[in-house]
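K.L.:
Here it is: the structure, laid out below.
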Amino acid sequence: TITREDPADKGPAGGWPADIAVFLKPAALIQSDDPQIKALIGKIVRPEDSAFVKARKIINWVFLNIEKKPALSVPNALEVLKNRSGDCNEHAVLTVALLRAAGIPARSEAGLVYLRGRFYYHAWCVLYINRWITADAVFNQIPADVTHIRLLRGETDQQIRLIGVIGKTNLEVLSQTR
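Take the sequence shown: its letters are residues 376 to 553, numbered as in my numbering.
Here is the structure:
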């Protein structure tokens, strides 16, 4: 099933349900309440933008402004904003912080992405606008395409649990059409 996102959707008028609202809060690595993050959001989106338009602008900003470069660290949003570089984890953590600062519930996901005939470890985010929607700032995708296979939903520091899975997972593409 393919669902087209409604760019006019502003999210719920009465506020988010409690199980969703928790993904608006800052976290140790996702400093969505920091003045630097808040100031940047004011430059990226307008208050009158719909939630989907805000998300699209944030994904695009991270795609254009964060250099794609391998990194060996557990990133936090403020460091990524300062350094303006990193791999998929850095892109995801900054995107989640910016989305939360813009009032859009978001969290990280990690798993595999199929690229140029192979599967690779990858991290991206998922945001909530009346349902969970995957988004990938590395590839400037919202929603992220079907090549993303989620193995874990959780913050970057929890992704260490994937070490035992990556490299030991066998997947085969049975058919592919465009």
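Don't be surprised by glycine CBs; every beta carbon is placed ideally from N, CA and C.
Step through the CB atoms of chain D and report whether any lies within less than 8 angstroms of the CB of V397.
P.N.:
The chain labelled as chain D is not found in the depicted structure, where only one protein chain is given.
K.L.:
So the candidates are L453, N464 and K432; which of them puts its Cα closest to the Cα of K444?
P.N.:
For this step, residue 444 is matched to residue 69 along the sequence shown. With distances taken between Cα atoms, K444 lies closest to N464.
K.L.:
Would you kindly report the start and end of the unbroken beta strand (DSSP E) that includes W507?
P.N.:
In the sequence shown, counting from the first residue as 1, residue 507 sits at position 132. W507 to A510 is the span of the beta strand (DSSP E), which, as asked, contains W507.
K.L.:
Tell me the rounded alpha-carbon separation between A393 and L399.
P.N.:
By 1-based counting over the sequence shown, the position of residue 393 is 18. By 1-based counting over the sequence shown, the position of residue 399 is 24. Straight-line Cα distance between these residues: approximately 10 angstroms.
K.L.:
Quick check on DSSP: helix, strand or coil for G417?
P.N.:
Reading the sequence shown from its first residue, position 42 is the one you call residue 417. Three-state result, G417: helix.
K.L.:
Within the same chain, show all residues whose beta-carbon is closer than 7 angstroms to that of L469, passing over the 5 residues directly before and after it, in chain order.
P.N.:
Stepping through the sequence shown from its first residue, residue 469 is reached at position 94. V437, I441, A452, V455 and L456, listed in sequence order.
K.L.:
In or out: Y495 buried (at least 16 other Cβ within 10 Å) or exposed?
P.N.:
As a first step, residue 495 must be located in the sequence shown, where it is residue number 120. By the neighbour-count rule (16 or more Cβ atoms within 10 Å), Y495 is not buried but exposed.
K.L.:
Excluding the 5 residues preceding and the 5 following D409 in the sequence, name in chain order all residues of the same chain whose CB lies nearer than 7 angstroms to its CB.
P.N.:
Residue mapping note: residue 409 aligns to position 34 of the sequence shown, counting from 1. Counting only Cβ-Cβ distances below 7 angstroms, and skipping sequence neighbours, we find L453.
K.L.:
For R491, is the classification buried or exposed, using 16 other Cβ atoms within 10 angstroms of its Cβ as the cut-off for buried?
P.N.:
Taking the sequence shown and counting its residues from 1, one reaches residue 491 at position 116. R491 is exposed by the Cβ-count criterion.
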